[in-house]
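Numbering (our numbering), first residue to last: -6 to 254. First comes the structure, then the notes that go with it.
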Ligand SMILES: NC(=O)c1ccc[n+]([C@@H]2O[C@H](COP(=O)([O-])OP(=O)(O)OC[C@H]3O[C@@H](n4cnc5c(N)ncnc54)[C@H](OP(=O)(O)O)[C@@H]3O)[C@@H](O)[C@H]2O)c1
């Protein structure tokens, strides 16, 4: 289907805000890379895809990125390519690595929230006053539980939340099972090397993977958008009894099967 903004954003627009709605996004190459080996990701996808990203921002209350993305891209995280208001910008930076200079700290566009392990990290860097500090307690492995981050943002009145990247931040949210929808933009480009998309804990069987129901939209320049609903499962071939019955019926009568056997 040709890209239709209303259809692509239907689930997000329909959400009422009684609980958080978390949507992840990632732009990747045909070979699953989200950036070059030197961390350059501007711009793997084309203009329509970039407009879609800005449209996503315009439909959420908060946009969340990991600290590596800020250090690599220095993104503004505002809405500029489409109509709409900019969301609050949230940076997950447990160890206080955020420098003084990022652009998002020096514009007056919208609110900024720094998610840290303890307030001490932000104060040590002299960031207090420039950005709201949101301390979150670590789990046993020293990570900030993604569920707690989202709950704390929701408690601040931010209910539609876009996880814009990078891959590690998105992977932690996916592993925690808190992502409702995922928009993956695939560009017709092969990088051949570079940073891979999100990596999740290893699985043995295909059935253990995520099989979201998806809608697919194409852009004139060849970019393809997968809008995945992670709350609804796509019926896999192995589970589809109709297909199994058809496959059984085919065994001897199908000339292709006869030729192969
Ligand atoms: N193609 C795209 O759509 C897209 C989008 C965004 C970014 N990018 C690219 O992605 C690259 C960066 O991605 P990345 O995967 O390396 O890093 P990232 O996700 O931007 O940041 C990861 C870091 O954020 C902190 N973090 C995030 N969630 C955390 C949690 N729940 N608990 C504790 N710490 C958490 C950790 O910081 P500490 O290490 O300090 O603990 C972690 O190492 C850049 O090259 C950027 O250009 C691509």
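Beta carbons are placed, not taken as given, at the ideal position from N, Cα and C, and that holds for glycine. Bear in mind that the values here come from a model prediction, so they are computed numbers and not experimental data.
1) Go ahead and pull the three-state DSSP assignment for residue 60.
2) Excluding the 5 residues preceding and the 5 following residue 193 in the sequence, name in chain order all residues of the same chain whose CB lies nearer than 7 angstroms to its CB.
3) The alpha helix (DSSP H) that contains residue 162, what's its start and end?
4) Examine ligand 1 and report whether any of its heavy atoms sits within less than 7 angstroms of the Cβ of residue 6.
5) What is the rounded straight-line gap between the Cα of residue 106 and the Cα of residue 186?
6) Out of 98, 155, 123 and 109, point me to the one whose CA is closest to residue 138's CA.
7) Nearest chain B C-beta to residue 105 closer than 8 angstroms, yes or no?
8) Check residue 81 in the structure and name its three-state DSSP category.
9) Report yes if the CB atom of residue 218 is closer than 8 angstroms to the CB atom of residue 174, and no otherwise.
10) Which whole-angstrom value describes the C-beta separation of residue 257 and residue 56, a residue pair presumed to lie in contact below a C-beta threshold of 8 angstroms?
11) Return the chain-ordered list of same chain residues with a C-beta closer than 8 angstroms to the C-beta of residue 24, the five sequence neighbours on each side being excluded.
12) Rank 135, 97 and 226 by C-alpha distance to the C-alpha of residue 208 and give the top, closest one.
13) Rounding to the nearest angstrom, what Cα-Cα distance links residue 8 and residue 14 in this structure?
14) Quick one: is the Cβ of residue 69 within less than 7 angstroms of any heavy atom of ligand 1?
15) Buried or exposed, going by whether 16 or more other CB atoms sit within 10 Å of the CB of residue 17?
16) How many Å lie between residue 39 and residue 216 at the Cα?
17) Determine the direct distance from the alpha carbon of residue 37 to that of residue 157, and round the result to whole angstroms.
18) What residue does the beta strand (DSSP E) around residue 105 start on, and which one ends it?
19) Using only the alpha-carbon positions, how far apart do residue 155 and residue 162 sit?
According to the structure shown:
1) Here the question's residue 60 lines up with position 67 in the chain shown. DSSP places residue 60 in helix when its eight states are reduced to three.
2) Stepping through the chain shown from its first residue, residue 193 is reached at position 200. Contacts found: 164, 167 and 168.
3) Position 169 of the chain shown, counted from the first residue, corresponds to residue 162. Membership of residue 162 in the alpha helix (DSSP H) is indicated by the continuous run 160 to 168.
4) As a first step, residue 6 must be located in the chain shown, where it is residue number 13. Result no, Cβ not under 7 angstroms from ligand 1.
5) The sequence position of residue 106 within the chain shown is 113, counting from 1. The sequence position of residue 186 within the chain shown is 193, counting from 1. One Cα belongs to residue 106, the other to residue 186, and the distance between them is close to 33 angstroms.
6) Working through the chain shown from its first residue, we reach residue 138 at position 145. Out of 98, 155, 123 and 109, 109 has the C-alpha closest to the C-alpha of residue 138.
7) Any reference to chain B falls outside this structure, which holds one protein chain only.
8) Start at 1 with the first residue of the chain shown, and residue 81 comes out as number 88. Here residue 81 sits in strand by DSSP.
9) Stepping through the chain shown from its first residue, residue 218 is reached at position 225. Stepping through the chain shown from its first residue, residue 174 is reached at position 181. Result no, Cβ atoms of residue 218 and residue 174 do not sit closer than 8 angstroms.
10) Absent from the structure is residue 257, since the part of the chain shown begins at -6 and ends at 254.
11) Counted from its first residue, the chain shown places residue 24 at position 31. Only residues of its own chain outside the window of five on either side were considered, and among them 183, 184 and 185 have a CB closer than 8 angstroms to the CB of residue 24, listed in chain order.
12) Walking along the chain shown from the start, residue 208 turns up at place 215. It is 226.
13) Start at 1 with the first residue of the chain shown, and residue 8 comes out as number 15. Start at 1 with the first residue of the chain shown, and residue 14 comes out as number 21. Taking the straight line joining both Cα atoms gives about 7 angstroms.
14) As a position in the chain shown, residue 69 is number 76, starting the count at 1. The answer is no for residue 69.
15) Here the question's residue 17 lines up with position 24 in the chain shown. Note on residue 17: 16 or more other CB atoms within 10 angstroms of its CB, so buried under the neighbour-count rule.
16) Looking up residue 39 in the chain shown gives position 46. Looking up residue 216 in the chain shown gives position 223. Annotation: residue 39 to residue 216 spans about 7 angstroms, alpha carbon to alpha carbon.
17) For the purposes of this step, residue 157 is identified with residue 164 of the chain shown, where counting begins at 1. For the purposes of this step, residue 37 is identified with residue 44 of the chain shown, where counting begins at 1. Straight-line Cα distance between these residues: approximately 15 angstroms.
18) Stepping through the chain shown from its first residue, residue 105 is reached at position 112. First-last of the beta strand (DSSP E) with residue 105: 105 to 109.
19) Looking up residue 155 in the chain shown gives position 162. Looking up residue 162 in the chain shown gives position 169. Distance between the alpha carbons of residue 155 and residue 162 is about 11 angstroms.
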